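Heads up, the thing below is written out as structure tokens.
Protein chains: 2
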Amino acid sequence: MTETGIGTGRSTPATLHDVAREAGVSLATASRSLNGSTRKVNDEYRQRVLAAAARLDYSPNLSAQAVARGTTTTVALLVADIADPYFSSIAAGVVAEADQERLIVTMAATERDPERELELVRTLRGQRPRVMILAGSRPTSDPTEGALGEELAAYERSGGRVVLISRNEFDFRTVIVENTAGADALARELVGIGYRRFAVITGGEGLRTAADRVDGFRAGLAAAGGTLDDEHVVRAAFTRDGGYDGMRQLIESGLDGIELVFAANDVMAVGALSAVRDAGLVPGTDVAVAGFDDIPTVRDVTPALTTVRVPLEELGRRALRLALGDESASSEGAVRTEVVLRASTPARIA
Amino acid sequence: MTETGIGTGRSTPATLHDVAREAGVSLATASRSLNGSTRKVNDEYRQRVLAAAARLDYSPNLSAQAVARGTTTTVALLVADIADPYFSSIAAGVVAEADQERLIVTMAATERDPERELELVRTLRGQRPRVMILAGSRPTSDPTEGALGEELAAYERSGGRVVLISRNEFDFRTVIVENTAGADALARELVGIGYRRFAVITGGEGLRTAADRVDGFRAGLAAAGGTLDDEHVVRAAFTRDGGYDGMRQLIESGLDGIELVFAANDVMAVGALSAVRDAGLVPGTDVAVAGFDDIPTVRDVTPALTTVRVPLEELGRRALRLALGDESASSEGAVRTEVVLRASTPARIA
DNA sequence: CTGTTAGCGCATTCAC
DNA sequence: GTGAATGCGCTAACAG
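Below is the structure:
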């Protein structure tokens with residue numbers, strides 16, 4: 001078929017120079033035909049160049065373009081854990097939006113390690129990405145926090161745009177999620193359908209997102225008339241297994257009249273559900289469970305999980321739009337959340 | 001704090017040139033101190049350069065390095081859907097391994113569209129990635145298949161390495177998963193615990209992975225003595241909703257004595273489980289369900305899902321190692337799978 | 001060891 | 001419109 005005459009052995013990719021020669025035009029003309037702002041080059045030449053490029057299977061070297069132009073088409077995305085549905089949904093949103101803008105996204109995982117996060121930001125900066133999106137909060141008072149802030153600030157000073165998703169440690173553009181208000185609303189609704197005595201499973205010390213959700217939940221309870229004793233707030237890893245462990249702790253200490261356990265996110269809640277079951281109890285009946293996020297799988301667990309819906313993929317899309325200066329994205333305010341009552345919290349006959 | 005003296009306004013990132021000047025050495029020396037193969041530069045100078053770099057908050061421009069070196073540190077990863085746990089687990093593996101090798105991974109989603117996949121491969125080639133990993137099979141006889149093959153071949157000719165994960169359309173390095181053998185083993189075990197009449201929910205026409213699994217399942221059944229009528233093989237989208245729909249179809253046509261439904265992957269199986277429940281039946285009791293992959297969530301659904309375990313994250317890691325020429329990765333052969341019997345397929349008293 | 005110089009692939013000024 | 005020349009940030013010979 002279309003052989004380039006280069007033979008079948010190893011070779012180097014065709015360069016713009018090759019294309020120009022093949023088309024019998026200058027480098028500049030080739031460049032303009034292939035990329036330069038439209039309508040500047042004779043259509044005759046243009047066609048010749050296009051044909052030559054196709055014949056040579058030319059693919060523009062993005063790195064070279066970046067160097068010459070002084071700007072890239074890259075978006076860097078930092079998440080805690082790619083396999084976590086919360087983050088993978090966000091990532092899917094970022095990638096989808098980036099694709100529309102013909103941007104390429106590079107992805108890295110911090111594995112919830114603040115030092116690692118800082119390290120990654122430094123590395124990723126080398127790419128000179130147009131945008132840097134960070135999702136997943138870190139402990140509020142981590143020693144490296146200042147350094148991260150400096151690093152991000154420096155990045156912005158050099159023309160980059162950083163966007164945070166649901167974290168409020170710094171003063172950068174942020175896709176704000178109604179964590180507090182959402183949890184508050186959830187608490188009220190739960191009290192409304194008859195629950196009174198609550199427990200909470202939350203993330204590690206100082207995790208902002210978790211803290212906000214717990215605070216909101218507490219506020220809602222206070223307003224509506226539910227009770228949450230301090231000894232019924234257990235800390236655990238912000239993961240499925242953390243949720244499992246947290247629930248097991250609660251159960252081992254006798255449950256103590258607790259009617260409903262609120263886990264600060266869905267993956268934890270799902271783990272909690274399994275812990276209930278493994279303890280020989282019936283989730284929803286013996287103890288109700290609620291989560292936060294509405295990740296895809298919560299529809300398929302049994303009982304289906306009551307949660308606060310967060311449009312995860314939209315978070316990712318919004319983050320990128322915000323970075324790109326889309327006015328509508330910034331004027332939309334916080335991302336709305338919505339309480340979704342399901343079978344894991346059946347109405348209680350008070 | 002450490003101000004660079006550049007002021008607070010917008011500025012351009014410090015260049016190696018700046019660092020050299022600041023340190024009072026030549027460009028070459030600066031380059032060598034910061035990157036060049038170790039032990040070549042006077043430690044005195046080296047320190048000066050390092051200090052200057054820190055002071056200027058220097059970050060090497062990866063694009064420029066790529067152009068100068070003629071090689072990048074990029075890995076391109078192509079998956080069907082980032083939010084799908086199957087792919088996000090694989091991605092997590094690729095990213096983890098890449099990180100160890102100090103490689104950066106760029107990610108894109110084909111959304112199961114062959115044309116889109118081809119388009120993405122073309123775009124990604126512009127990055128001159130060292131490696132290109134494609135996961136998620138496409139229909140066996142898609143019109144663009146030839147073009148994709150050509151494109152990938154051209155990429156390899158120019159020095160790149162392509163690795164396929166669990167797809168066997170082409171003749172590139174591949175991380176082979178025991179799809180057929182795994183399903184075969186599953187079928188035998190299922191017959192072994194008393195099941196006889198089966199149904200299957202599989203993916204769209206010609207999806208290789210799905211086809212292999214179904215073939216294997218059929219073979220196992222044939223060998224062990226189970227029955228699978230052709231009208232009990234239903235096709236659906238290779239997604240959670242596809243699984244749901246497939247199961248609903250089966251139920252609507254009366255189930256017809258079917259004791260167990262095998263879904264070609266776990267996300268479908270999970271959807272199927274929900275369909276059973278929504279139809280007012282009890283999964284595991286009224287009809288058993290089994291899947292394939294062992295994605296994280298199947299432990300948390302009820303009943304827990306019987307499946308064939310595939311080390312998803314390891315798939316991703318292996319793919320990268322294979323691309324990088326790791327001998328052990330290529331000599332390990334196909335990735336082993338393992339049948340995991342759980343509550344969704346309780347033993348039947350024959 | 002260190003500095004000078006010539007590219008790497010491409011965009012873009014500047015003359016023609 | 002088109003081409004020649006310059007430069008982007010960096011590496012890698014090449015001489016000292």
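Listed in order, the protein sequences are those of chains C and X.
Okay, so the first sequence: first residue is 1 according to my numbering, each after it adds one.
Okay, so the second sequence: first residue is 1 according to my numbering, each after it adds one.
Just so you know, even glycine gets a beta-carbon here, dropped at the ideal spot from N, CA and C.
Keep in mind the model is a prediction, meaning the values are calculated, not measured.
- Per the DSSP secondary-structure output, T174 (chain C) pairs in a beta bridge with C:L164.
- The shortest CA-to-CA distance from A272 (chain C) to any of C:G291, C:E259 and C:A210 is the one to C:G291.
- In the DSSP assignment, T29 (chain C) falls within the alpha helix (DSSP H) that extends over L27 to L34.
- Ranked by how close their Cα comes to the Cα of I176 (chain C), the residues C:R318, C:V79 and C:V234 have C:R318 in first place.
- Annotated three-state conformation of F217 (chain X) is helix, per DSSP.
- Between T307 (chain X) and the set X:S331, X:T285 and X:A264, the nearest pair of CA atoms involves X:A264.
- Per DSSP, reduced to three states, the secondary structure at L77 (chain C) is strand.
- Among the residues of chain C, none has a CB under 7 Å from the CB of D294 (chain X); the nearest is roughly 13 Å distant.
- Only residues of its own chain outside the window of five on either side were considered, and among them L78 and L164 have a CB closer than 6 Å to the CB of L134 (chain C), listed in chain order.
- When the Cα atoms are used, A223 (chain C) and D294 (chain X) turn out to be separated by approximately 43 Å.
- Under the DSSP assignment, F238 (chain X) falls outside any beta strand (DSSP E); it carries neither an H nor an E label.
- Taking a Cβ-Cβ cut-off of 7 Å, D212 (chain C) has no neighbours in chain X, whose nearest Cβ is about 24 Å from it.
- Scanning chain C for C-beta atoms nearer than 7 Å to the C-beta of I82 (chain X) yields S88, A91, A92 and V95, reported in chain order.
- Residue environment for V335 (chain C): buried (at least 16 other C-beta atoms within 10 angstroms of its C-beta).
- If you draw a straight line from the Cα of R342 (chain X) to the Cα of L124 (chain X), it is about 41 Å long.
- Between F87 (chain C) and G136 (chain C), the C-beta spacing is below 9 Å.
- Taking a 10 Å sphere around the C-beta of N179 (chain X), we find 16 or more other C-beta atoms and assign the residue as buried.
- Interface residue (Cβ-Cβ distance to chain X less than 9 Å): E313 (chain C) is classified as such.
- For V49 (chain C), the enclosing alpha helix (DSSP H) covers residues D43 to L56.
- Among the residues of the segment 101-114 of chain C, those with a Cβ less than 9 Å away from any Cβ of chain X are R102, I104, V105, T106, M107, A108, A109 and E111, in the order of the chain.
- By the Cβ criterion, the segment 114-121 of chain X is not in contact with the segment 109-127 of chain C, since fewer than three pairs of Cβ atoms, one from each stretch, lie closer than 8 Å.
- A Cβ-Cβ distance of about 7 Å is found for the pair F198 (chain C) and I258 (chain C), placing them in contact under the 8 Å criterion.
- For V310 (chain X), the secondary structure class from DSSP, reduced to helix, strand or coil, is coil.
- Look at A154 (chain C): its C-beta is under 9 Å from a C-beta on chain X.
- When the five nearest sequence neighbours on each side are left out, the beta carbons in the same chain lying within less than 7 Å of the beta carbon of T202 (chain X) are those of A210, V214, V233, R235 and A264, in order along the chain.
- Comparing C-alpha distances from A279 (chain C) to each of C:G246, C:P296, C:A54 and C:R188 shows the shortest one belongs to C:G246.
- The C-alpha of E189 (chain C) lies about 37 Å from the C-alpha of A92 (chain X).
- Look at the segment 46-65 of chain C: the residues with a C-beta under 9 Å from a C-beta of chain X are D57, S59, P60, N61, L62, S63, A64 and Q65.
- For A183 (chain X), the closest of X:F262, X:T227 and X:P139 by C-alpha to C-alpha distance is X:F262.
- Non-local C-beta neighbours of L56 (chain X) in its own chain, meaning closer than 8 Å and more than five positions away in sequence, comprise T4, A14, D18, V19 and E22, ordered along the chain.
- Secondary structure of D294 (chain X) (DSSP, three-state): coil.
- E97 (chain X) sits in a helix when the DSSP states are folded into three classes.
- Contact between the segment 319-327 of chain X and the segment 321-330 of chain C is absent, with fewer than three C-beta pairs closer than 8 Å.
- About 4 Å separates the beta carbons of A288 (chain X) and L260 (chain X), which is inside the 8 Å limit, making them a contact pair.
- Spanning the alpha carbons of V49 (chain X) and T74 (chain C) requires a straight line of approximately 29 Å.
- Beyond the five residues adjoining it in sequence on each side, D142 (chain X) comes within less than 7 Å, by CB distance, of P114 in the same chain, given in chain order.
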